[in-house]
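Chains as they are written, first to last, in the numbering used here: chain A, 3 to 171; chain B, 41 to 209. Here a beta-carbon is modelled for each residue, glycine too, at the ideal position from N, C-alpha and C.
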Amino acid sequence: MNTAAIQQLLHERFGSGVGPVESARLSDAVEVDPLSVDEIALFLRDQPDLAFDCLNNLSGTDRPARGKIQVTYELFSYVHRHAFVLKVDARRDRPQVKTVENVWPAANWLEREVYDLLGVVFLGHSDLRRLLLPDDWIGYPLRKDYVEAPEYHGISTVRESILALPERR
Amino acid sequence: MSLLNTVPEMVLTTKVDQLLNWTRKSSLWYMLFGLACCAIEMMQTGGPRADLDRFGMAPRATPRVSDLMIVAGTLTLKMALRTKVLYEQMPDPKYVLSMGSCSNCGGLFQLAYSVCDGVDKVIPVDVYVPGCPPRPEALTEGLMLLQKKMMQERWLVREPRPRAGAARA
Chain A
3 MNTAAIQQLL
13 HERFGSGVGP
23 VESARLSDAV
33 EVDPLSVDEI
43 ALFLRDQPDL
53 AFDCLNNLSG
63 TDRPARGKIQ
73 VTYELFSYVH
83 RHAFVLKVDA
93 RRDRPQVKTV
103 ENVWPAANWL
113 EREVYDLLGV
123 VFLGHSDLRR
133 LLLPDDWIGY
143 PLRKDYVEAP
153 EYHGISTVRE
163 SILALPERR
Chain B
41 MSLLNTVPEM
51 VLTTKVDQLL
61 NWTRKSSLWY
71 MLFGLACCAI
81 EMMQTGGPRA
91 DLDRFGMAPR
101 ATPRVSDLMI
111 VAGTLTLKMA
121 LRTKVLYEQM
131 PDPKYVLSMG
141 SCSNCGGLFQ
151 LAYSVCDGVD
161 KVIPVDVYVP
171 GCPPRPEALT
181 EGLMLLQKKM
191 MQERWLVREP
201 RPRAGAARA
């Protein structure tokens, strides 16, 4: 089933919470409501025609111009051998997305990573801690407006360079 | 006629410093501290071709019985704190060899927010081995340099060891 057909199915089932098909260079995507993404995910997994049993990837992108943080779900079905990309826009000042951990257990660490680097709060997540950075890290480094702290536990993070690098923000 | 000549081939004369240094440099136990790709070259150096065993060197899995820490790889800020703890757990006399560009100065990743650019910001370093990663020959040369340095140590009249960061403060 292609993206347009899946979007049609989702639109019939969930109505206005499902956006139109967005064409992109690599793959088409469908944007949905961040607070109902868990129901949509369950539908995508359990509907026999769709059967998306594998969450290939879950990633986040900061888009400050739009005031949004975008979370992307890349799905694949081993049953039907088709793929689908789901997108969610969370508000940048208060990013909240429902967790899909209960649908695909693989989302546990992937959501923790997005939380770690972008600060997206996944509502209902069983263990929302930082995954890669230390627990006492301040800020979310993959946000475009992230400013590095001058030191970490007494270790200076001011990098001297013999090359004249452009001034870092 | 001196006493020495009366018992030939049974008495060796040396200095205490020299004897201690000779024993220490000839059984340098190093802590396995592979952080990135440099660790692969370190394993090669410990393997049969480069053969660190011929220097009396043996890998140890704990800092508490190690004389030498070979910091092999990219040091993140998260790991830097642990490195310091591990270094403090090593019994004196202890030595640190910084292997590769990353642990020397942050290397390729020195401008990343999570990378500590240089292990010498955290613990004092005795020998720096350049390379990305250094070949086993280079690491062997660094270790022989360290042995040379160890032979110059003085134990009867001791001087305090330099503190971390003193060189680059």
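Original post:
Just how far apart, CA to CA, sit residue 150 of chain B and residue 86 of chain B?
Top reply: On the second sequence, position 110 is the one that residue 150 of chain B refers to. On the second sequence, position 46 is the one that residue 86 of chain B refers to. Cα to Cα, the separation comes out at about 28 Å.
**OP:** Please determine, among A/136, A/122, A/116, the residue with the shortest C-alpha to C-alpha distance to residue 60 of chain A.
**Re:** Against the first sequence, residue 60 of chain A aligns to sequence position 58. Here the closest residue by C-alpha is A/116.
Original post:
So, does the CB of residue 156 of chain B fall closer than 8 Å to a CB anywhere in chain A?
Top reply: Position 116 of the second sequence, counted from the start, is the residue given in the question as residue 156 of chain B. It does: the Cβ of residue 156 of chain B has a partner Cβ on chain A nearer than 8 Å.
**OP:** Check the C-beta distance from residue 104 of chain B over to residue 131 of chain B and give it rounded, since I have them as a contact under 8 Å.
**Re:** The count along the second sequence starts at 1 and reaches residue 104 of chain B at position 64. The count along the second sequence starts at 1 and reaches residue 131 of chain B at position 91. Indeed they touch by this definition, with Cβ atoms about 7 Å apart.
Original post:
Over what stretch of residues does the beta strand (DSSP E) that includes residue 78 of chain A continue unbroken?
Top reply: Within the first sequence, the letter at position 76 stands for residue 78 of chain A. Note, residue 78 of chain A: beta strand (DSSP E), 70-79.
Original post:
What's the C-alpha gap between residue 207 of chain B and residue 182 of chain B?
Top reply: Within the second sequence, the letter at position 167 stands for residue 207 of chain B. Within the second sequence, the letter at position 142 stands for residue 182 of chain B. Interpretation of residue 207 of chain B is limited by its pLDDT of 45, a score under 50 that renders its predicted location unreliable; no figure is taken from the coordinates.
Original post:
By a C-beta neighbour count over all protein chains shown, 10 Å radius and 16 as the cutoff for buried, is residue 97 of chain A buried or exposed?
Top reply: Reading the first sequence from its first residue, position 95 is the one you call residue 97 of chain A. With 16 or more Cβ atoms within 10 Å of its Cβ, residue 97 of chain A is classed as buried.
Subject >> Within 8 Å of chain B by C-beta, residues of the segment 148-162 of chain A in sequence order >> reply: 148, 150, 154, 155, 157, 158, 159, 161
Original post:
If we cut at 8 Å on Cβ distances, does residue 136 of chain A have a partner in chain B?
Top reply: Counting from 1 along the first sequence, the entry for residue 136 of chain A is found at position 134. Yes, because at least one Cβ of chain B sits closer than 8 Å to the Cβ of residue 136 of chain A.
Original post:
residue 162 of chain B touches chain A at which residues, Cβ-Cβ below 7 Å?
Top reply: Reading the second sequence from its first residue, position 122 is the one you call residue 162 of chain B. Per Cβ cutoff of 7 Å: 157.
**OP:** List the residues of chain A that residue 65 of chain B touches, going by C-beta distances under 8 Å, in chain order.
**Re:** The count along the second sequence starts at 1 and reaches residue 65 of chain B at position 25. Neighbours of residue 65 of chain B on chain A: none; closest Cβ ~31 Å, over 8 Å.
Original post:
What does residue 143 of chain A reach in chain B if we use C-beta pairs closer than 8 Å?
Top reply: The residue labelled residue 143 of chain A in the question sits at position 141 within the first sequence. The answer, in chain order, is 153, 154.
Original post:
DSSP state of residue 128 of chain B, grouped into three classes?
Top reply: Sequence index remark: in the second sequence, residue 128 of chain B carries index 88 (1-based). Three-state DSSP puts residue 128 of chain B in a helix.
Subject >> Same chain, Cβ closer than 6 Å to residue 87 of chain A, five either side skipped, listed in chain order >> reply: Here residue 87 of chain A is taken as the residue at index 85 of the first sequence, counted from 1. Once the five neighbours on either side are set aside, the close Cβ partners of residue 87 of chain A are 29, 31, 76.
Original post:
Buried or exposed: residue 141 of chain A, going by 16 or more other Cβ atoms within 10 Å of its Cβ?
Top reply: Reading the first sequence from its first residue, position 139 is the one you call residue 141 of chain A. It counts as exposed.
**OP:** Grab the span of the alpha helix (DSSP H) containing residue 3 of chain A for me, first residue to last.
**Re:** Here the question's residue 3 of chain A lines up with position 1 in the first sequence. No alpha helix (DSSP H) holds residue 3 of chain A; DSSP gives it neither H nor E.
Subject >> C-alpha distance - residue 100 of chain A paired with residue 138 of chain A, whole-angstrom precision >> reply: By 1-based counting over the first sequence, the position of residue 100 of chain A is 98. By 1-based counting over the first sequence, the position of residue 138 of chain A is 136. Going from the Cα of residue 100 of chain A to the Cα of residue 138 of chain A covers about 25 Å.
Original post:
How about residue 129 of chain B: is its C-beta nearer than 8 Å to some C-beta of chain A?
Top reply: Numbered from its first residue, the second sequence carries residue 129 of chain B at position 89. Cβ-Cβ to chain A under 8 Å: no for residue 129 of chain B.
**OP:** Given a cut-off of 8 Å, decide if residue 21 of chain A and residue 34 of chain A are closer than it, judged by their beta-carbon atoms.
**Re:** Position 32 of the first sequence holds residue 34 of chain A. Position 19 of the first sequence holds residue 21 of chain A. Yes, the pair counts as a contact, with Cβ atoms nearer than the cut-off.
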